[in-house]
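Number of protein chains: 2
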Amino acid sequence: MIHLVGAGPGDPELLTVKAHRLLRGAGIVLHDDLVPDEILALAGPQAQIVNVGKRCGAKRTTQAEINSRMIESSRGGLDVVRLHSGDPAIFGRLGEELDALEAAGVPFEIVPGITAGVASAAALGITLTDRRKSSRVIIASGHHASKSGLHDKTDWKDLAREDATLIVYMPGSDFSALRDELLAADLDSQIPAIIVSHATTPRQQFRCATLGELHKLPRMEAPAVLLIGWPLERAYQKLSAEDLFLMLAEADLIFSAP
Amino acid sequence: MIHLVGAGPGDPELLTVKAHRLLRGAGIVLHDDLVPDEILALAGPQAQIVNVGKRCGAKRTTQAEINSRMIESSRGGLDVVRLHSGDPAIFGRLGEELDALEAAGVPFEIVPGITAGVASAAALGITLTDRRKSSRVIIASGHHASKSGLHDKTDWKDLAREDATLIVYMPGSDFSALRDELLAADLDSQIPAIIVSHATTPRQQFRCATLGELHKLPRMEAPAVLLIGWPLERAYQKLSAEDLFLMLAEADLIFSAP
Numbered sequence: 001m002i003h004l005v006g007a008g009p010g011d012p013e014l015l016t017v018k019a020h021r022l023l024r025g026a027g028i029v030l031h032d033d034l035v036p037d038e039i040l041a042l043a044g045p046q047a048q049i050v051n052v053g054k055r056c057g058a059k060r061t062t063q064a065e066i067n068s069r070m071i072e073s074s075r076g077g078l079d080v081v082r083l084h085s086g087d088p089a090i091f092g093r094l095g096e097e098l099d100a101l102e103a104a105g106v107p108f109e110i111v112p113g114i115t116a117g118v119a120s121a122a123a124l125g126i127t128l129t130d131r132r133k134s135s136r137v138i139i140a141s142g143h144h145a146s147k148s149g150l151h152d153k154t155d156w157k158d159l160a161r162e163d164a165t166l167i168v169y170m171p172g173s174d175f176s177a178l179r180d181e182l183l184a185a186d187l188d189s190q191i192p193a194i195i196v197s198h199a200t201t202p203r204q205q206f207r208c209a210t211l212g213e214l215h216k217l218p219r220m221e222a223p224a225v226l227l228i229g230w231p232l233e234r235a236y237q238k239l240s241a242e243d244l245f246l247m248l249a250e251a252d253l254i255f256s257a258p
Numbered sequence: 259m260i261h262l263v264g265a266g267p268g269d270p271e272l273l274t275v276k277a278h279r280l281l282r283g284a285g286i287v288l289h290d291d292l293v294p295d296e297i298l299a300l301a302g303p304q305a306q307i308v309n310v311g312k313r314c315g316a317k318r319t320t321q322a323e324i325n326s327r328m329i330e331s332s333r334g335g336l337d338v339v340r341l342h343s344g345d346p347a348i349f350g351r352l353g354e355e356l357d358a359l360e361a362a363g364v365p366f367e368i369v370p371g372i373t374a375g376v377a378s379a380a381a382l383g384i385t386l387t388d389r390r391k392s393s394r395v396i397i398a399s400g401h402h403a404s405k406s407g408l409h410d411k412t413d414w415k416d417l418a419r420e421d422a423t424l425i426v427y428m429p430g431s432d433f434s435a436l437r438d439e440l441l442a443a444d445l446d447s448q449i450p451a452i453i454v455s456h457a458t459t460p461r462q463q464f465r466c467a468t469l470g471e472l473h474k475l476p477r478m479e480a481p482a483v484l485l486i487g488w489p490l491e492r493a494y495q496k497l498s499a500e501d502l503f504l505m506l507a508e509a510d511l512i513f514s515a516p
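Protein chains in written order, with my numbering: chain A, 1 to 258; chain B, 259 to 516.
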C-alpha cells in the first residue's frame with residue numbers, strides 16, 4: 001500500500017493525525033520541494049527521505065522517475081509515503097501518479113491535507129464564503145501548463161463574479177492581465193486582494209491591494225497564493241493600516257521623540 | 259483566545275494535530291450538528307460539550323446565541339473551541355462569528371480543517387485538478403439562502419466549464435435544474451458525477467451518474483457533496499462496474515449455481 005499524503009501548508013501542527021502517524025512509520029518518504037524540514041523531521045529514524053521536487057520547470061526528478069521509485073520501493077517491502085505539499089488532489093501531479101500505480105496494480109490510499117488557500121484564509125482570519133458576500137470559491141492556477149492547452153491567459157473573465165472568492169495558486173509575478181480582465185468583466189475595482197507567502201510558517205508574509213491596484217503587488221516567494229474577494233475586507237483593512245504604519249515608521253514620521 | 263476549529267470530514271484521524279491538541283485542552287466545545295461522537299470523545303474530561311447545530315432551517319440554537327455563548331465562556335475563563343464540521347471558512351457561519359468576536363474585542367484564532375470536497379476526492383481515489391483534464395476547482399452550494407439574494411437557481415451555467423471540477427456542498431435532492439443548465443451551457447453529457455455521503459466515516463456511501471443522467475441520482479444523507487468533472491472518470495468506472503455487479507447479483511444472475 002502506497003500512501004499519497006498531503007503535508008498541509010507548512011505548520012507541522014497542521015498535518016492530519018493520520019499523516020503524522022504514516023510519516024512516523026514510513027520506510028521511505030518521497031517529498032515535494034516545498035515541504036519544510038520541520039515536517040520531514042517527524043519521520044522515524046528508519047525512514048529514507050528523498051526530495052523528488054520539481055521547481056519552475058527545472059526538473060530535479062522526472063514524474064516517471066517518481067512513479068517508478070514509488071512502485072519499486074513498495075515492491076521492495078518499504079512503507080511508502082509520497083508527501084505532497086498542501087493537498088495531493090489540488091495542483092499536484094496526482095493524476096499521473098494514480099495512472100502509474102493503477103497500471104502497475106499497486107494499491108494506494110490518498111490522505112487529504114490542508115490546502116494552501118484554506119490555510120491562508122485561516123491565517124488571515126477570514127472566511128472564504130459568507131452568505132452575505134460570497135457564495136462560491138474558485139480555485140485556479142496562475143501557472144499555465146503550456147503543453148496542456150487547457151486554458152490560455154485570456155480566460156480569467158469567465159471566473160469574474162462579485163459573489164465568489166477567487167484563489168490563485170502559483171500566482172507568479174505579473175498580475176496585470178488578471179487585473180485587466182477582471183475589471184473588464186465589470187468587477188468592482190475596490191474588491192480587496194491579498195497575496196500570502198509561506199502561510200502558517202514563521203516566514204509567513206502578506207501583501208494587500210485592491211483589484212484596481214493588483215498590478216502593484218510584489219512577487220512573493222513560493223509557496224504563495226493570491227486571494228481576491230469581498231470576504232477579505234476584514235483582513236485588508238487591518239493589513240493596509242499596518243502598511244501605512246510601517247510606511248510612516250520608515251519615513252520616521254512616528255517613533256520620533258523630539 | 260477563542261479557537262474556531264475545523265473538525266474535518268468525520269474521520270477522527272483527519273483532524274489536524276493542532277485541532278486534536280486544542281480539543282483535549284478545551285474547557286468548552288461548541289460544536290456543529292454534523293461533528294461525529296468519535297471526535298467529540300477526544301475532548302478532555304473537563305470539557306463541557308454543547309451541540310449548537312442548526313439543521314435544515316430548524317434552528318436548535320440561533321447564531322446570536324452561539325456568538326454570546328462563545329464570548330461569555332471566554333470571559334468566564336474557559337478555553338473555548340468552536341468546532342465547525344469540515345473547514346470553518348467554507349459554508350459555515352464563520353463570517354457572523356468573526357463579526358461578533360471583533361465587535362466584542364475577543365481575540366480569536368482560526369484552525370483550518372479538511373473540507374468535505376477534498377476529503378471526498380481522497381476517498382474516491384481521484385484528483386481534483388489534472389493538467390490534462392481540469393485546471394480549476396469550483397466550490398458552490400446547492401442550498402440557496404433565500405434572504406441573501408446572492409444567487410438564484412438559474413446561474414449554474416456561469417460555472418459550466420469542461421476544464422473545471424465542480425463541487426456542490428449541500429446538494430439537496432433535486433438535481434434536474436443543475437443538469438439542465440450545465441447541459442444547456444454545452445457541457446458534455448458524459449461527464450461523470452458522484453455524490454458522496456458521510457465521506458471518510460464507516461457510513462460513507464457513493465452513487466454515480468453521468469451529467470446527462472444526473473437527475474436520477476438519489477438524495478443522500480447529510481453531510482453530502484456532489485462532484486462533477488472529468489477527473490472523476492477513474493472512480494466512476496469502478497463504481498459503475500460495482501453497481502452493475504450489485505444489480506446482477508440482486509437479479510440473481512450471478513452467484514447462482516446450477
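Glycine included, C-beta positions come from ideal geometry on N, C-alpha and C.
Q | Helix, strand or coil at A19(A) according to DSSP, with G and I counted as helix | A | Looking at A19(A) - three-state DSSP - the assignment turns out to be helix.
Q: Please report the residue range of the beta strand (DSSP E) in which S399(B) lies.
A: Going by DSSP, S399(B) is part of the beta strand (DSSP E) stretching over 394 to 399.
(Q) Can you tell me whether D388(B) is helix, strand or coil according to DSSP? (A) Strand.
Q. So what's L224(B) in DSSP terms, helix, strand or just coil?
A. This structure does not reach residue 224(B), given that chain B is present from 259 up to 516, and the question cannot be answered.
Q.
Please tell me whether V17(A) has its Cβ less than 8 Å away from any Cβ of chain B.
A. Cβ-Cβ to chain B under 8 Å: yes for V17(A).
Q. What are the residues of the segment 269 to 297 of chain B that lie near chain A, defined by any Cβ-Cβ distance shorter than 8 Å?
A. The segment 269 to 297 of chain B vs chain A, Cβ under 8 Å: D269, P270, E271, L272, L273, T274, V275, K276, H278, R279.
Q: Let me know the secondary structure DSSP gives R179(A) once reduced to three states.
A: The answer is helix: DSSP assigns R179(A) an H, G or I state.
Q. Tell me the DSSP bridge mates of P192(A)?
A. Paired residues: T210(A).
Q) Between which two residues does the beta strand (DSSP E) containing E259(A) stretch? A) Look at the range of chain A in this structure, 1 to 258, and you will see that residue 259(A) is not part of it.
Q: Compare the C-beta of A116(A) with all C-beta atoms of chain B and state if any pair is closer than 8 Å.
A: Chain B contact via Cβ: absent.
Q. What are the residues of the segment 66 to 87 of chain A that lie near chain B, defined by any Cβ-Cβ distance shorter than 7 Å?
A. Those residues of the segment 66 to 87 of chain A that come within reach of chain B (Cβ to Cβ, closer than 7 Å) are D87.
**Q.** Length of the line joining the Cα atoms of T468(B) and E420(B)
**A.** The alpha-carbon separation between T468(B) and E420(B) amounts to approximately 14 Å.
**Q.** the segment 117 to 129 of chain A / the segment 37 to 46 of chain A touching (three or more Cβ pairs under 8 Å)
**A.** With a cut-off of 8 Å, the segment 37 to 46 of chain A and the segment 117 to 129 of chain A do not count as touching, because too few Cβ pairs lie within range.
Q | Chain-ordered neighbours of P231(A) on chain B, where CB pairs are closer than 8 Å | A | Within chain B, the C-beta atoms nearer than 8 Å to that of P231(A) come from G353, in chain order.
Q) Do the CB positions of G229(A) and L178(A) come within less than 8 Å of each other? A) No.
(Q) Looking at I453(B): is its Cβ nearer than 8 Å to the Cβ of P429(B)? (A) Taking 8 Å as the Cβ cut-off, I453(B) and P429(B) qualify as a contacting pair.
Q: Pick helix, strand or coil for Q304(B), following the three-state DSSP scheme.
A: Three-state result, Q304(B): coil.
Q. Is D446(B) close to chain A, meaning its C-beta is less than 8 Å from at least one C-beta of that chain?
A. Residue-level contact by beta carbon fails for D446(B) and chain A, as no gap is shorter than 8 Å.
(Q) So, under 8 Å CB-CB, I396(B) and A422(B) are touching, yes? Tell me the CB distance rounded to an integer number of Å. (A) Right, their Cβ atoms sit about 5 Å apart.
Q) Going by the CB atoms, is the gap between Q463(B) and M478(B) shorter than 8 Å? A) Cβ distance < 8 Å, so M478(B) and Q463(B) count as in contact.
Q: Check the C-beta distance from R333(B) over to L288(B) and give it rounded, since I have them as a contact under 8 Å.
A: Rounded, the Cβ-Cβ distance is 14 Å, inconsistent with contact.
Q) Would a check of beta-carbon distances place I368(B) closer than 8 Å to chain A? A) Using beta-carbon distances, I368(B) counts as an interface residue toward chain A, with a partner under 8 Å.
(Q) In this structure, how does DSSP classify S404(B) when only helix, strand and coil are distinguished? (A) A caution first: S404(B) carries a pLDDT of 40, below 50, which makes its placement in the model unreliable, though a value can still be read off. Coil at S404(B), not helix or strand.
Q | Closest residue to G375(B) among K496(B), S343(B), D337(B) (Cα-Cα distance) | A | Of the candidates K496(B), S343(B), D337(B), the one whose C-alpha sits nearest the C-alpha of G375(B) is S343(B).
Q) Roughly how many angstroms separate the alpha carbons of L408(B) and G353(B), rounded to a whole number? A) Since pLDDT at L408(B) reaches only 46, below the 50 mark, its modelled position is unreliable, and no value is offered.
Q | Interface residues of chain B facing F91(A) [CB-CB closer than 7 Å] | A | The answer, in chain order, is T387.
(Q) Within a Cβ cutoff of 8 Å, which residues of the same chain sit near K405(B), ignoring the five residues on either side of it in sequence? (A) Below a pLDDT of 50, predicted positions are generally treated as unreliable, and K405(B), at 41, falls in that range; the measurement from the model is reported next regardless. Taking C-beta separations shorter than 8 Å and ignoring five residues to either side along the sequence, K405(B) has no partners in its chain.
Q: Report yes if the CB atom of A199(A) is closer than 8 Å to the CB atom of G10(A), and no otherwise.
A: In this structure, A199(A) sits near G10(A), with a CB-CB distance shorter than 8 Å.
(Q) Between I194(A) and the ligand MG, is there a pair consisting of the residue's CB and a ligand heavy atom that are separated by less than 7 Å? (A) For the ligand MG, the structure offers nothing, since it holds no ligand at all.
Q: Using a Cβ-Cβ cut-off of 8 Å, state whether I139(A) counts as contacting chain C.
A: Protein chains A and B are contained in the structure displayed, whereas chain C is not.
Q) Taking Cβ to Cβ, would you say A160(A) is nearer than 8 Å to A185(A)? A) The Cβ atoms of A160(A) and A185(A) lie closer than 8 Å to each other.
Q: Please go through the same chain and pick out, in chain order, the residues whose beta-carbon is closer than 6 Å to the beta-carbon of L292(B), but skip the five residues on each side of it.
A: The beta carbon of L292(B) lies closer than 6 Å to those of S343, P481 in the same chain, with the five residues before and after it left out.
Q: Could you tell me the distance, in whole angstroms, from the CA atom of M70(A) to the CA atom of A64(A)?
A: The alpha-carbon atoms of M70(A) and A64(A) are separated by roughly 10 Å.
Q | DSSP bridge partner residues for S240(A) (one or two, in chain order) | A | Bridge partners of S240(A) according to DSSP: none are assigned.
Q.
So if DSSP puts H518(B) in a beta bridge, which residue, or which two residues, is it bridged to?
A. No information on residue 518(B) is available, as it lies outside the stretch 259 to 516 that chain B covers here.
Q) DSSP three-state call for I260(B): helix, strand or coil? A) In the three-state DSSP reduction, I260(B) falls in the strand class (E or B).
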